[in-house]
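**Q** Below is one structure. I have some questions about it.
2 protein chains.
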Amino acid sequence: MSEIRNRQWRVARYPASNEPISSALFEWVENSVPEPSDNQFVVKTLYLAPGPALRGYLDPNHKQFLGNVPVGEVMRGRGIGVILSSKNPDYAVGEYFVGSLGWQDYSVQHPRGKEFVFSTKKISAPLRPLSLELGILGQSGATAYFGVLEAGRIKAGDNVLVSAAAGGVGSAAGQIARIKGAAKVVGLASTDKKCQWLVDTLGFDAAINYKTADLSHQLAEEFPKGIDLFFDSVGGDILNTGLAHISLNARVALCGFIATDYDPHANIGPINYRNLLYQRATMQGFIVFDYWERFAEAEQALRQWHSTGELVFCEDLSDGLEKMPQAVEDLFAGNNSGVKICRVNDEPA
Amino acid sequence: MSEIRNRQWRVARYPASNEPISSALFEWVENSVPEPSDNQFVVKTLYLAPGPALRGYLDPNHKQFLGNVPVGEVMRGRGIGVILSSKNPDYAVGEYFVGSLGWQDYSVQHPRGKEFVFSTKKISAPLRPLSLELGILGQSGATAYFGVLEAGRIKAGDNVLVSAAAGGVGSAAGQIARIKGAAKVVGLASTDKKCQWLVDTLGFDAAINYKTADLSHQLAEEFPKGIDLFFDSVGGDILNTGLAHISLNARVALCGFIATDYDPHANIGPINYRNLLYQRATMQGFIVFDYWERFAEAEQALRQWHSTGELVFCEDLSDGLEKMPQAVEDLFAGNNSGVKICRVNDEPA
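The listed protein sequences derive, respectively, from chains H and F. At the far end of the first sequence sits residue 664, using our numbering, and the numbering has no gaps. At the far end of the second sequence sits residue 664, using our numbering, and the numbering has no gaps.
Structural data, given as structure tokens:
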């Protein structure tokens with residue numbers, strides 16, 4: 316077995332402020348496969364799901380939840396894998412596991428406290444492809460679920476706007492809003508092709524290419540009575556323009572700020588926050604980790620909707636561990652339709 | 316009776332964008348006292364309560380609820396008066412009435428729909444001075460009450476920041492927060508004298524002169540665990556700085572934007588809105604009119620707290636109808652401590 320190596324991307328340096336994520340930031344190393352100690356088990360990575368948070372792990376100035384990955388360490392990343400060897404009776408060889416596997420083939424794992432329920436979880440009855448568990452049945456789906464239901468307080472008849480609608484979370488959020496009885500769901504995306512996809516494949520009522528459209532004019536057309544629920548993962552100008560079109564008692568669910576989070580020049584807040592008063596509206600930030608106690612509820616609902624075909628899973632697949640740096644950059648360039656997934660090793664049959 | 320005249324301030328022109336409110340904008344005229352028609356009654360103005368909204372009535376570019384006052388018309392204004400003559404059996408001569416009396420001695424009134432419950436109301440058991448009904452027992456108190464309880468969702472143990480704390484609404488909001496069990500109430504004001512008054516007279520735990528202090532540093536000192544409830548009537552830099560210090564699950568109640576509302580150069584939103592996500596917090600606008608169905612509840616609570624001395628009423632009194640333009644400008648200059656009131660005619664004994 317000495318020929319099996321553990322391929323890894325380790326952090327070589329942090330990017331400059333506007334430098335894209337690329338393989339130049341990482342070192343590709345090959346080590347031996349680790350062995351588990353007592354209570355541990357080793358997981359073979361099958362898929363990784365790069366998210367926008369990854370860039371923050373490489374930015375010491377960025378406010379975030381998990382801290383930086385030190386230079387020299389394996390890059391952090393969530394994935395699903397299969398248990399290869401185990402010295403923990405609760406984690407059997409061959410079982411599937413979602414967690415912080417890192418950008419590598421093999422990782423040593425141990426059970427985590429409840430605060431990491433979303434990032435460390437044994438999958439008892441996985442659906443295929445296993446990447447579903449990273450996408451609409453996993454953290455992307457749960458983020459959309461709690462954002463739409465809790466921060467968004469969706470009501471039947473709501474007119475809903477979703478930004479970054481072609482992304483992993485946004486594509487789920489729009490569908491969940493529709494399932495929950497929204498009167499209209501409109502998505503924002505960066506290309507005509509993605510807009511078409513939102514309408515044709517995901518069943519959005521309309522989609523707006525915010526890069527080419529007069530966004531404010533289009534929102535006025537699509538929402539003559541105003542936006543009741545705005546699910547926003549973008550921030551910046553898009554949030555500000557959306558705020559100008561909210562309805563009475565609207566809810567704005569803040570999921571992220573990919574437009575401005577890593578741009579030191581985008582240092583301007585949304586002046587239309589004043590519309591929150593004029594419309595007696597609410598803007599609320601949320602983080603999926605806060606809902607770990609209700610994850611079973613989300614999981615059950617998402618699986619149910621997936622099984623009936625109401626909730627379509629779309630992944631944007633890269634192939635091979637070597638593609639991970641590019642996969643992250645693709646996210647920031649908005650190149651993905653659906654949940655960005657990188658296949659690291661083939662699923663067991 | 317022909318010697319009794321109805322003195323009026325009528326709008327002569329609208330102010331330029333940065334022009335202060337002054338008597339130059341109004342025309343002083345004296346007319347005869349009006350007579351009521353069927354269902355109407357005539358009210359003699361005793362007190363007027365100028366509020367920040369008044370400036371909006373003179374600004375065609377300002378988004379607002381009641382619309383502009385046309386040039387040539389009597390300036391709009393809320394007040395309390397006594398019924399002088401009546402052709403409505405429900406409104407008897409000698410009864411007290413709160414409503415949109417205008418900047419004048421005598422106005423013709425009629426019963427309004429429920430949407431104006433706050434601005435048109437017969438006072439059945441008025442306390443003295445009657446200006447109480449315009450202040451802490453009236454719209455200022457009710458605004459603070461619903462802002463703290465509803466948009467602010469006050470909880471026992473909250474650490475509370477109130478901006479414009481020496482103003483009519485802010486001074487009530489801080490006291491109501493304390494009554495509702497806040498662990499700490501800190502006010503922001505523009506002079507050391509007002510700060511001292513907040514602590515000594517109103518029982519705030521601390522007050523910060525935001526004009527001379529390093530506000531962010533002071534907030535960090537006063538709120539080592541963060542601000543749980545921020546009751547803001549100011550907007551602009553103060554809102555932004557406060558947002559930087561909110562705690563997990565904090566609530567920001569937006570009551571107004573006096574800092575930026577009439578300043579065309581203050582066109583920058585609060586970049587720290589992003590902290591709403593990091594802290595899973597909520598920013599919510601509210602307007603007291605929305606709570607008309609619960610006004611009796613607020614009235615009962617405010618009277619109860621006032622009767623026990625828990626809720627101190629402070630008014631900043633100007634004397635004489637001729638002082639109204641200056642009274643409004645005083646509001647914007649932040650010269651008042653407590654509810655700004657203008658005495659137009661003496662209370663009946």
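All C-beta atoms in this analysis are idealised placements derived from N, C-alpha and C, irrespective of residue type, glycine included. Keep in mind that this is a model prediction, so the values were computed, not measured.
Name the one or two DSSP bridge partners that K655(F) has.
**A** The count along the second sequence starts at 1 and reaches residue 655(F) at position 340. The partner list for K655(F) (beta bridge, DSSP) reads D631(F).
**Q** Between K526(H) and the ligand NAD, is there a pair consisting of the residue's CB and a ligand heavy atom that are separated by less than 7 Å?
**A** As for the ligand NAD, it is missing from this structure, which has no ligand bound.
**Q** Candidates R566(H), G462(H), S401(H), R393(H): which alpha carbon is nearest N590(H)'s?
**A** In the first sequence, the residue the question calls residue 590(H) occupies position 275. Nearest C-alpha to N590(H): R566(H).
**Q** Grab the span of the alpha helix (DSSP H) containing K509(F) for me, first residue to last.
**A** Here residue 509(F) refers to the residue found at position 194 of the second sequence. Unbroken alpha helix (DSSP H) run through K509(F): 507-515.
**Q** Count the other CB atoms within 10 Å of the CB of T623(F); is the residue buried (16 or more) or exposed (fewer)?
**A** What you label residue 623(F) is simply residue 308 of the second sequence in a count that begins at 1. Exposed, by the Cβ-count rule.
**Q** Straight-line CA distance for A480(H) to E625(H)?
**A** To locate residue 480(H), count along the first sequence from 1; it is residue 165. To locate residue 625(H), count along the first sequence from 1; it is residue 310. Those two C-alpha atoms are separated by around 17 Å.
**Q** For N474(H), count neighbouring C-beta atoms within 10 Å of its own C-beta (all shown protein chains included) and say buried if the count is 16 or more, exposed if not.
**A** Locating residue 474(H) in the first sequence gives position 159, where the first residue counts as 1. Buried, since its Cβ has 16 or more Cβ neighbours within 10 Å.
**Q** Whole angstroms are fine: how far does the CA of V357(H) sit from the CA of V384(H)?
**A** Sequence index remark: in the first sequence, residue 384(H) carries index 69 (1-based). Sequence index remark: in the first sequence, residue 357(H) carries index 42 (1-based). The straight-line gap from Cα to Cα measures roughly 21 Å.
**Q** Quick one: what's got a C-beta closer than 6 Å to T458(H)'s C-beta in the same chain, skipping five residues either side?
**A** Numbered from 1 along the first sequence, position 143 holds the residue referred to as residue 458(H). Cβ within range, chain order: V484, V603.
**Q** For L513(F), which residues of its own chain have a beta-carbon under 8 Å away from its beta-carbon, when the five flanking residues on both sides are left out?
**A** Here the question's residue 513(F) lines up with position 198 in the second sequence. A480, A481, S486, G489, G502, A504, F519, A522, listed in sequence order.
**Q** If F546(F) and A568(F) are in contact, beta carbons under 8 Å, what's the gap, nearest whole angstrom?
**A** The count along the second sequence starts at 1 and reaches residue 546(F) at position 231. The count along the second sequence starts at 1 and reaches residue 568(F) at position 253. Confirmed, about 5 Å.
**Q** When burial is assigned at 16 or more other CB atoms within 10 Å of the CB, is D543(H) buried or exposed?
**A** As a working mapping, residue 543(H) is identified with position 228 in the first sequence. Answer is buried; the Cβ neighbour count reaches 16.
**Q** With DSSP as the reference, label N321(H) as helix, strand or coil.
**A** What you label residue 321(H) is simply residue 6 of the first sequence in a count that begins at 1. Of the three classes helix, strand and coil, the one that applies to N321(H) here is strand, per DSSP.
**Q** Evaluate E350(H) with the Cβ neighbour count: other Cβ atoms within 10 Å of its Cβ, from every protein chain shown; 16 or more gives buried, anything less gives exposed.
**A** Looking up residue 350(H) in the first sequence gives position 35. Exposed.
**Q** Below 8 Å on C-beta distance, what does Q419(F) contact in chain H?
**A** On the second sequence, position 104 is the one that residue 419(F) refers to. By Cβ distance, chain H contributes nothing, its closest Cβ being about 29 Å from Q419(F), past 8 Å.
**Q** Just to make sure I have the definition right: I need the residues of chain H whose C-beta is within less than 7 Å of the C-beta of P585(F). Which are they?
**A** Here residue 585(F) refers to the residue found at position 270 of the second sequence. The answer, in chain order, is G584, Y588.
**Q** From which residue to which residue does the alpha helix (DSSP H) around N590(F) run?
**A** In the second sequence, counting from the first residue as 1, residue 590(F) sits at position 275. 590-593 is the span of the alpha helix (DSSP H), which, as asked, contains N590(F).
**Q** Mind checking which residues open and close the alpha helix (DSSP H) that includes F647(H)?
**A** If you number the first sequence from 1, residue 647(H) lands on position 332. Membership of F647(H) in the alpha helix (DSSP H) is indicated by the continuous run 639-648.
**Q** Nearest by alpha-carbon distance to H621(F): which of G541(F), G472(F), Y460(F), K499(F) is it?
**A** Start at 1 with the first residue of the second sequence, and residue 621(F) comes out as number 306. Comparing Cα-Cα distances from H621(F) to each of G541(F), G472(F), Y460(F), K499(F), the minimum goes to Y460(F).
**Q** With a cut-off of 8 Å, does the C-beta of M598(F) fall near any C-beta of chain H?
**A** The residue you call residue 598(F) lines up with position 283 of the second sequence. Answer yes: the Cβ-Cβ gap between M598(F) and chain H drops below 8 Å somewhere.
**Q** With DSSP as the reference, label F461(F) as helix, strand or coil.
**A** Translated into the one-based positions of the second sequence, residue 461(F) becomes position 146. It is helical.
**Q** Select from L445(F), S401(F), F380(F) the residue whose C-alpha is nearest the C-alpha of R658(F).
**A** As a first step, residue 658(F) must be located in the second sequence, where it is residue number 343. Nearest of L445(F), S401(F), F380(F) to R658(F), Cα basis: L445(F).
**Q** Can you list, in chain order, the residues of its chain with a C-beta nearer than 7 Å to that of N650(F)? Leave out the 5 residues immediately preceding and following it.
**A** If you number the second sequence from 1, residue 650(F) lands on position 335. Cβ within range, chain order: n/a, list empty.
**Q** Whose CA, out of D634(F), G409(F), S422(F), lies closest to the CA of R320(F)?
**A** Your numbering for residue 320(F) matches position 5 in the second sequence. Here the closest residue by C-alpha is S422(F).
**Q** Would the segment 635-646 of chain H count as touching the segment 331-340 of chain H if we require 3 or more Cβ pairs under 8 Å?
**A** yes
**Q** Thinking Q304(H) and Q424(H) are a contact (beta carbons under 8 Å), I'd like their distance in whole angstroms, please.
**A** Absent from the model: residue 304(H). The displayed extent of chain H is 316 to 664, so no value can be given.
**Q** Any C-beta of chain H sitting closer than 8 Å to the C-beta of Q594(F)?
**A** Looking up residue 594(F) in the second sequence gives position 279. Yes, Q594(F) counts as interfacial toward chain H.
**Q** Excluding five sequence neighbours on each side, which residues of the same chain lie with their C-beta closer than 7 Å to the C-beta of R493(H)?
**A** Taking the first residue of the first sequence as position 1, residue 493(H) is located at position 178. The answer, listed in chain order, is V500, G518.
**Q** What is the DSSP secondary structure of V432(H), counted as helix, strand or coil?
**A** As a working note, residue 432(H) is residue 117 in the first sequence. Confidence in V432(H) is poor, its pLDDT being 48 and thus under 50, which makes the residue's placement unreliable; the coordinate value appears in the next sentence. Residue state, collapsed to three classes: coil.
**Q** To which residues of the same chain is K655(F) closer than 7 Å at the C-beta, ignoring the five residues directly before and after it?
**A** One-based indexing of the second sequence puts residue 655(F) at position 340. Same-chain partners within the cutoff: A364, P365, G483, D631, A642, D645, L646.
**Q** Locate the beta strand (DSSP E) running through A522(F), then write down its first and last residues.
**A** The residue you call residue 522(F) lines up with position 207 of the second sequence. Segment 521-524, the beta strand (DSSP E) holding A522(F).
**Q** With a threshold of 16 other CB atoms inside 10 Å of the CB of F380(F), please say whether the residue is buried or exposed.
**A** For the purposes of this step, residue 380(F) is taken as the residue at position 65 of the second sequence. By the 10 Å Cβ count, F380(F) comes out exposed.
**Q** Using a Cβ-Cβ cut-off of 8 Å, state whether F601(F) counts as contacting chain H.
**A** Taking the first residue of the second sequence as position 1, residue 601(F) is located at position 286. Yes, its Cβ sits closer than 8 Å to a Cβ of chain H.
**Q** Give me the chain H residues within the contact set of F572(F), using Cβ-Cβ distance strictly less than 8 Å, ordered along the chain.
**A** Walking along the second sequence from the start, residue 572(F) turns up at place 257. Neighbours of F572(F) on chain H, chain order: R589, L592.
**Q** Once DSSP output is grouped into helix, strand and coil, what is the label at G704(H)?
**A** Nothing in the structure corresponds to residue 704(H), since chain H is present only between 316 and 664.
**Q** Between which two residues does the beta strand (DSSP E) harbouring Q355(F) extend?
**A** The residue given as residue 355(F) occupies position 40 in the second sequence. Here Q355(F) belongs to no beta strand (DSSP E), and DSSP marks it neither H nor E.
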